[in-house]
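Right, one structure below, let's go through it.
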Amino acid sequence: MLDMKRYVESLGMRARGYRVAAETLHSVRIPVVVLMDVRGYKHFVVMQKVDKGWVYIGDPVLGHKRYKVDDFLKGWNGIIFAVIGQGYDKNNVLLDPPLPLTAKGRVNDFTPVQDADLLDFGFIKSDFF
90 MLDMKRYVES LGMRARGYRV AAETLHSVRI PVVVLMDVRG YKHFVVMQKV
140 DKGWVYIGDP VLGHKRYKVD DFLKGWNGII FAVIGQGYDK NNVLLDPPLP
190 LTAKGRVNDF TPVQDADLLD FGFIKSDFF
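Just so we're aligned: 183 in the working numbering is position 94 of the sequence shown, and the numbers increase by one with no gaps anywhere.
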């Protein structure tokens, strides 16, 4: 992390590393870089937020993931690396990671395509039989 700190500071940004207790992890309010060990593969990821017992991660290898806090703690080394620079957007997109693609809670969101909608795209009624 020291190399990352030197690099971002050479770009005019501020970077700090902190050891954070597991019970205060939910109080981190900005996206931070953390080192994770995922099944023996250690790599840096972005911890986007902690919310309702879940840790949301932006992983360059696995994409957007979320872990139960206890599972996250098993692979995390206890250190966060925060970077803030001029023009930092406090409402940046990293604070709102996408929800996992599951059907839970989405049953009422499903609306089948109506025949009339298909007709607008050039289909004809005989295509539906």
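Just so you know, even glycine gets a beta-carbon here, dropped at the ideal spot from N, CA and C. Only a predicted model underlies this, so the values are computations on that prediction, with no experimental measurement involved.
Remark: C-beta atoms of Ala104 and Val158 do not approach each other more closely than 9 Å.
Lys94: member of the alpha helix (DSSP H) spanning 91–99, first to last residue. Fully contained in the stretch 93–179 are the following beta strand (DSSP E) runs of length 3 or more, in chain order: 103–108, 121–127, 130–140, 143–148, 152–157, 165–173.
A distance of 9 Å or more separates the beta carbons of Arg155 and Ile168.
Residues of the same chain with a CB within less than 6 Å of the CB of Val97, apart from the 5 flanking positions on each side, are Ala104, Val172 in chain order.
Between the alpha carbons of Val139 and Pro149 lies a distance of about 19 Å.
With a threshold of 16 other beta carbon atoms within 10 Å, Phe133 falls short and is exposed.
A distance below 8 Å between beta-carbons, with the five flanking residues on each side excluded, links Ser116 to no residue of its chain. Within 10 angstroms of the beta-carbon of Gln137 lie 16 or more other beta-carbons, which makes it buried.
For Met102, same chain residues with a beta-carbon under 6 Å away, outside a window of 5 residues either side, are Val172, Gly174 in chain order. Measuring C-alpha to C-alpha distances from Asp185 to each of Leu100, Arg118, Met90, Tyr130 identifies Arg118 as the nearest. The beta carbons of Met90 and Phe161 sit about 18 Å from each other, so the pair does not count as a contact at 8 Å. With contacts defined by Cβ atoms closer than 9 Å, Leu114 and Asn166 do not form a contacting pair.
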